[in-house]
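Take any residue in the sequence shown, note its place counting from 1, add 8, and you have its number in the working numbering.
The beta-carbon is built from N, C-alpha and C at its ideal position, and this holds for glycine as well.
All values reported here derive from a predicted model rather than from experimental measurement.
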Amino acid sequence: MDTLTYNQSEIRFGNLKDSGFNALLSSPRYAQSKKVIITDENVFDLWMEDFITSFEALSEAEIIQLPPGEENKVLDICNHVWSALSEYEIGRNDLIINLGGGVITDMGGFIAATFKRGLSFINIPTTLLSQVDASVGGKTGVDLGPYKNQVGVFADPDYVFIDSRYLATLPNVELDSGFAEMLKHGLIADADYWNALKSVDPKVIPAGLLETIHQSVLIKRKIVTEDHLEQGQRKNLNFGHTIGHALEGFCLSKNKPVPHGFAVAWGMIAESFISREMELIDARLFDDINTTIRSRYTHIDISNSDIDQIKPLLLNDKKNVNGSISFTLLTDIGQAVYNQHVNDELIDAAIRFILNREV
Ligand SMILES: NC(=O)c1ccc[n+]([C@@H]2O[C@H](COP(=O)([O-])OP(=O)(O)OC[C@H]3O[C@@H](n4cnc5c(N)ncnc54)[C@H](O)[C@@H]3O)[C@@H](O)[C@H]2O)c1
Numbered sequence: 009m010d011t012l013t014y015n016q017s018e019i020r021f022g023n024l025k026d027s028g029f030n031a032l033l034s035s036p037r038y039a040q041s042k043k044v045i046i047t048d049e050n051v052f053d054l055w056m057e058d059f060i061t062s063f064e065a066l067s068e069a070e071i072i073q074l075p076p077g078e079e080n081k082v083l084d085i086c087n088h089v090w091s092a093l094s095e096y097e098i099g100r101n102d103l104i105i106n107l108g109g110g111v112i113t114d115m116g117g118f119i120a121a122t123f124k125r126g127l128s129f130i131n132i133p134t135t136l137l138s139q140v141d142a143s144v145g146g147k148t149g150v151d152l153g154p155y156k157n158q159v160g161v162f163a164d165p166d167y168v169f170i171d172s173r174y175l176a177t178l179p180n181v182e183l184d185s186g187f188a189e190m191l192k193h194g195l196i197a198d199a200d201y202w203n204a205l206k207s208v209d210p211k212v213i214p215a216g217l218l219e220t221i222h223q224s225v226l227i228k229r230k231i232v233t234e235d236h237l238e239q240g241q242r243k244n245l246n247f248g249h250t251i252g253h254a255l256e257g258f259c260l261s262k263n264k265p266v267p268h269g270f271a272v273a274w275g276m277i278a279e280s281f282i283s284r285e286m287e288l289i290d291a292r293l294f295d296d297i298n299t300t301i302r303s304r305y306t307h308i309d310i311s312n313s314d315i316d317q318i319k320p321l322l323l324n325d326k327k328n329v330n331g332s333i334s335f336t337l338l339t340d341i342g343q344a345v346y347n348q349h350v351n352d353e354l355i356d357a358a359i360r361f362i363l364n365r366e367v
C-alpha cells in the first residue's frame with residue numbers, strides 16, 4: 009500500500025480492503041464518531057453493499073444518497089444534506105465519508121467543511137477523474153447556474169483512499185473524461201508523462217491504471233503543496249479550464265451536460281491554439297496537442313451562433329484579475345505560465361477553431 013501526504017491529508021493507494029480503512033475508523037480518532045456516507049444513486053446501486061459489508065466500523069453509518077450529475081452540484085442539494093445532518097444530530101467530532109466521483113467529493117467536502125464550521129471528511133473517489141484530480145488538493149464547492157464552482161472553500165480531507173477497483177464499473181465515456189485531466193498533468197508539468205499517455209487507453213483494463221493514477225496524483229500533489237491557496241503556480245492546474253468551464257457551463261445551462269473532462273479536453277485545444285498564436289509554443293507542438301486530443305474526444309455539440317453566449321461566462325472565471333480574463337497557457341510541453349491576458353479577438357478565434365470539425 010503506497011502512501012503520500014500533503015498539507016493535513018494522507019493519500020493511500022490500493023485495494024481499500026487492504027488499506028487499513030477499517031482499523032482507522034475504529035481507531036481513537038474516529039471510534040466515537042458517528043459516520044455519514046455521502047454518495048450518489050449510481051454509486052449506491054453499484055458499490056454500497058460491497059462497501060458497508062466490507063467494513064465492520066460502518067455497520068451503524070447513515071447513508072445519504074444524492075441524485076447524480078453536475079446539474080445536482082448545487083446549493084439546494086447541500087441544504088437537504090445539511091438538514092439531514094442536523095436530524096442525525098451530527099456534531100463537530102463526527103465524520104463524513106464521500107464515496108463517489110468529483111461531484112460527490114467537491115460537494116461532500118463543501119458540506120462537511122461548512123456544517124457547524126467544519127467536520128472531518130474522508131474522500132473515496134470512484135471515478136478516474138476524481139482519483140487523479142478532484143479528490144486531492146482541497147478545493148470543494150458547488151456551481152451557481154452556469155458558473156462552475158462559484159461557491160466553495162479550501163478544505164482538506166483527512167484521508168483519500170484511491171482504489172482502482174471502482175473503475176471496473178465506470179462507463180467508457182467517464183474513463184475518457186478522467187483521462188483528460190491526466191493529459192493536462194502531462195502538458196503542464198511533465199513531457200515524458202504526456203508522451204507515455206499517448207499509448208494508454210484508459211478503457212482497457214481500467215483497474216490496472218493505478219500506477220498512472222499515482223503519477224498524476226504526484227504531479228498534482230507537488231503543485232498544491234507548494235501553493236495551496238492558488239496564489240501562483242497552482243493556477244497552472246487550470247490549463248484548459250478557462251474555456252473548458254465556459255463550455256461546460258454553457259452546455260449545463262442548455263440542459264445538455266457534457267462530462268467535465270470533455271470540456272477540459274476541448275478547452276486545452278483552444279488554450280493551446282492561443283499559446284501558439286501568442287508565439288509561446290511553435291506549430292509542431294500545437295499540432296501534437298491538437299491531433300492527440302482531437303483523436304480521443306468527440307466534439308461538443310455547440311455552434312458558432314453559441315459563441316456570444318459562451319464568452320460572457322469567461323468573465324466570471326475565478327482566475328480573473330481586475331475584470332480581465334486571465335489564462336494559463338503553455339510555453340512548452342510540460343511547462344505552463346499563468347496570469348496571461350488574451351485579447352478578445354484571439355479568444356473568439358480559439359473558440360471558432362475548436363468548433364471547426366475539419367481541422
Ligand atoms: N476539486 C477539484 O480540484 C476538481 C478537479 C477537477 C474536477 N473537479 C470537479 O469534478 C466534477 C467531475 O467529476 P466526475 O467526472 O467524477 O463526475 P461525477 O461525480 O458526476 O461522476 C460521473 C458519473 O459517473 C458515475 N459514477 C461514479 N463512480 C462510478 C463508478 N465507480 N461506476 C459507475 N459509475 C460511477 C456518477 O454517478 C456520474 O454519473 C466536476 O464538478 C468538476 O468541476 C474538481
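Which two residues bound the contiguous beta strand (DSSP E) that contains residue i?
i, result
"T13", "D10 to Y14"
"I333", "That residue, I333, is in no beta strand (DSSP E); it is neither H nor E in DSSP."
"T250", "Element bounds for T250: not the beta strand (DSSP E) but the alpha helix (DSSP H), H249 to S261."
"Y155", "Y155 to F162"
"V168", "Y167 to I170"
"Q73", "E70 to L74"
"K147", "K147 to L152"
"I213", "Where I213 is concerned, there is no enclosing beta strand (DSSP E), given that its DSSP letter is neither H nor E."
"R20", "S17 to F21"
With a CB to CB cut of under 6 Å and the five nearest residues on each side skipped, what residues in its chain are close to residue i?
i, result
"A120", "I104, L127 and F129"
"F294", "S280 and R284"
"G248", "K192, V272, G275, M276 and E279"
"L24", "F169 and D171"
"L33", "A65"
Comparing alpha-carbon positions, which option in the options lies nearest residue i?
i, options, result
"V232", "P267, H193, L260 and L33", "H193"
"D352", "G248, N364, L323 and I362", "L323"
"D114", "I98, N30 and I132", "I132"
"I274", "E70, F52, K156 and A358", "Before going further, note that residue 274 is Trp rather than Ile in the sequence given. Here the closest residue by C-alpha is A358."
"I46", "F118, M286 and N23", "F118"
"L195", "L337, Q40, N15 and G22", "L337"
"V345", "L288, R292 and L321", "L288"
"I333", "T339, T177, F247 and Q348", "Q348"
"N157", "H268, T306, V44 and L24", "H268"
"Q16", "K42, D164 and G28", "D164"
"E366", "T339, N328, T306 and G342", "T306"
"I98", "D200, I71 and I112", "I71"
"S41", "R20, L54 and A69", "A69"
Take the Cβ of residue i as the centre, count every other Cβ of all protein chains shown within 10 Å, and call the residue buried at 16 or more, exposed below.
i, result
"G240", "exposed"
"Y96", "exposed"
"S172", "buried"
"G110", "buried"
"N298", "buried"
"S185", "buried"
"I213", "exposed"
"S143", "buried"
"V350", "buried"
"G216", "exposed"
"V181", "exposed"
"V89", "buried"
"P154", "buried"
"V44", "buried"
"K243", "buried"
"P210", "buried"
"K81", "buried"
"S138", "buried"
"N263", "exposed"
Can you list, in chain order, the residues of its chain with a C-beta nearer than 8 Å to that of residue i? Leave out the 5 residues immediately preceding and following it.
i, result
"E18", "T11, L12, D166, Y167 and V168"
"E49", "Q73, L74, P75 and P76"
"I310", "L255, F258, C259, I318 and L363"
"F1", "No answer is possible for residue 1: it lies beyond the span of the chain, which begins at 9 and ends at 367."
"D356", "I315 and K319"
Among the residues of its own chain, which have a CB less than 7 Å from the CB of residue i, if the five just before and after it don't count?
i, result
"E100", "According to the sequence shown, residue 100 is Arg rather than Glu. Result list for R100: K124 and L127, in chain order."
"K206", "T300"
"A278", "I251, A358, I359, F361 and I362"
"E79", "L260 and P265"
"N312", "R360 and L363"
"V51", "L107, G108 and T134"
"V140", "G186, E189, M190, I221, S224 and V225"
"Y14", "R229, V232 and T233"
"V159", "L83, G149, V150 and L152"
"D316", "none"
"L178", "T135, L136 and P214"
What is the residue span of the alpha helix (DSSP H) that residue i lies within?
i, result
"M49", "The residue you asked about is not Met; residue 49 is Glu in the sequence shown. Segment E49 to S62, the alpha helix (DSSP H) holding E49."
"R229", "L218 to E234"
"E182", "N180 to A197"
"N30", "F29 to S34"
- Message: Give the list of continuous beta strand (DSSP E) stretches no shorter than 3 residues that lie fully inside the stretch 264-351.
- Response: 334-340 and 343-349
- Message: For a minimum of 3 consecutive residues, which ranges assigned as the beta strand (DSSP E) are wholly contained in the stretch 89-143?
- Response: 103-108 and 128-133
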